[in-house]
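My numbering applies: residue 65 is where the sequence shown begins, and numbers increase by one.
Note that beta-carbon positions come from the ideal geometry of N, C-alpha and C, so glycine has one too.
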Amino acid sequence: MEYVIKIFLTIFFGAIIFFVPRFVERKTLAYLLASFVFVVYFVLLSLIAEANIIYVLLLLSLFAFLLYVIFSSYIKVFDELDRAIDFLERRIKEYESIVSLNISSQDFPGRSRKIYNFFSLLFSRLQDEVDRIKTMNNFLIYLTNFARYSLSESDKKRFLVEVGNFLEYVFPSKSVSVVMMEGDQPEILKGKEVIEPFISQIVYGKFEDSANKYISFPLSKNGKYYGFIVIFGNSSEIERNFIFIVSKFVESVLRRIEKEEEIELKAVTDPLTGIYNRRYFMSRLEQNFAKFKRTGKSYAVVIFDIDKFKKINDALGHVVGDEILKTFASVIKNNIRKYDIAARFGGDEFILLLDEIDKDNAINVVKRISTRFSLSEEIKTLVEDGSYVSWGFAMVDEAPSSYEEIIKLADKRLLKAKELGGGRGVWE
């Protein structure tokens, strides 16, 4: 008899454990009940050996009753919640359909008009909440990628464009423009057609214009403007506060990028003259040689040497010598293009790379630099007898085997210019 009861209990409780997860939609509740049944099953098995059949049947009946009470109570609670949710969803759809009909409240007399107005207001507020939730959802989704991106970005322009994309994603109904300041000149990076009519008034401090419905958030540090984020369209106070916080975050990233640029610039710049150092020049020369091999675009290399610099330095002192070096560096920078590379090569020697240029135009540039240095007011003030430079010139196609060969050729011609008395150049 004991074995029969054990078999019966095993089949009975096994069936309950098997079917509970299939008939109960809420899996957490289902697994909880199944676990409870499993425990009771083992308790009953342990009692069978010491209890008679009537006692076991009473325990089994009590368990079945408790199971029914607990199970039915949970089902009732969740069924009520489901009905309540369904009711609310139906009502929201009804309110939405009422509003979408665009019926005037004048079409409803008496109490019906009040009901219409109430539901219109209710749905309007519900819609506002939905819009806020969508905005925050967009914000959180994009912020995870944007924050990670902002920590690694090293290009201001690219970063500001991404900021504009970020705000357009968060506020899809807004028109976003982004402006970057290059010195005193604004460069519109995003939304040019929208912001162009207002760019001058924004740059000169009119950050808000209710007539044109825009608000500008300046990106600045110690009075220096990095740029502006401009939002067109009516903005709520919450939206303004949010964009203000974003603008401050953007400022911190721009300061980080600027600091990294300063560190990088110091690594490639001569501290006295402010132009590039020899190491950076050599790396750029190597790149240009590779480009020449690939495209055939020519370039020139010039090495300058300030005549009798050691005598001037010994006679007038290092302060005057330093000013002469800085003056020559300034003359070079003011007479070359942005993509040409000038560097201090060592001591009183300077080197210049004139990119994508023919021989005649390159020689004219070098002659202009030499003349303007000798005739500059700074040199006339510093050195009574004046100061002059000698230079050696070479085109890349004259030394096409390696980038070191062109430097050797220019240096050889510089030595020849010095032997001829200085104050001149050699290019043949």
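Item                                                                                                                                                               : Value
Measuring CB atoms only, is the segment 423 to 442 touching the segment 375 to 393, in the sense that at least three cross pairs come out at less than 8 Å?        : yes
Judging by CA-CA distance, which residue of 364, 311 and 363 is the nearest neighbour of residue 295?                                                              : 311
Verify whether the separation of the beta carbon atoms of residue 369 and residue 420 is less than 8 Å.                                                            : no
Out of 237, 325, 321 and 224, point me to the one whose CA is closest to residue 281's CA.                                                                         : 224
Between the Cα of residue 367 and the Cα atoms of 407, 221, 332 and 232, which residue gives the shortest distance?                                                : 407
Start and end of the alpha helix (DSSP H) containing residue 233?                                                                                                  : 220 to 234
Along the beta strand (DSSP E) that carries residue 339, what are the first and last residues, could you check?                                                    : Careful: residue 339 lies outside any beta strand (DSSP E) and carries neither H nor E.
Once DSSP output is grouped into helix, strand and coil, what is the label at residue 492?                                                                         : coil
Does the beta-carbon of residue 319 have 16 or more other beta-carbons within 10 angstroms, so that it is buried, or is it exposed?                                : exposed
Please determine, among 278, 247 and 218, the residue with the shortest C-alpha to C-alpha distance to residue 241.                                                : 278
When the distance is taken between beta carbons, is residue 426 closer than 8 Å to residue 455?                                                                    : no
Please report the distance separating the alpha-carbon of residue 486 from that of residue 284.                                                                    : 50 Å
Nearest CA to the CA of residue 45: which residue from 405, 492 and 227?                                                                                           : Residue 45 is absent from the structure shown; the chain starts at 65 and stops at 492.
Indicate whether residue 459 and residue 431 have their beta-carbon atoms separated by less than 8 Å.                                                              : no
Measure the C-alpha to C-alpha separation of residue 322 and residue 287 and round it to an integer number of angstroms.                                           : 15 Å
Does DSSP put residue 237 in a helix, a strand or coil?                                                                                                            : coil
Where do the ends of the alpha helix (DSSP H) carrying residue 419 lie?                                                                                            : Note, residue 419: premise wrong, no alpha helix (DSSP H); beta strand (DSSP E) at 413 to 419.
Which partner residues does residue 384 have in the DSSP bridge list?                                                                                              : For residue 384, which the question treats as bridged, DSSP gives no partner whatsoever.
Taking the alpha carbon of residue 243 as the point to measure from, which residue in 237, 428 and 262 has its own alpha carbon closest?                           : 262
Assign residue 484 to one of three DSSP states: helix, strand, or coil.                                                                                            : coil
Hey, residue 396 and residue 471: beta-carbon distance below 8 Å or not?                                                                                           : no
Would you give the residue range spanned by the beta strand (DSSP E) that residue 257 belongs to?                                                                  : Careful: residue 257 lies outside any beta strand (DSSP E), inside the alpha helix (DSSP H) at 256 to 259.
In whole angstroms, what is the alpha-carbon distance linking residue 332 and residue 352?                                                                         : 17 Å
Are the CB atoms of residue 297 and residue 245 within a distance shorter than 8 Å?                                                                                : no
Going by beta carbon distance, what residues of the same chain come within less than 7 Å of residue 363, once the five residues before and after it are set aside? : 352, 356, 417, 418, 419, 420, 421 and 460
Could you please give the first and the last residue of the uninterrupted beta strand (DSSP E) stretch that includes residue 369?                                  : 363 to 370
Buried or exposed, going by whether 16 or more other CB atoms sit within 10 Å of the CB of residue 254?                                                            : buried
What's the call for residue 484, buried or exposed, on a 16-neighbour Cβ count within 10 Å?                                                                        : exposed
Residue 477: buried (16+ other C-beta within 10 angstroms of its C-beta) or exposed?                                                                               : buried
Given residue 409, which residues of its chain have a CB within under 7 Å of its CB, disregarding the five upstream and five downstream residues?                  : 342, 367 and 415
My guess is that residue 371 and residue 467 are in contact by the Cβ rule of under 8 Å, so how many angstroms apart are they, rounded?                            : Residue 371 to residue 467, Cβ: 27 Å. No contact.
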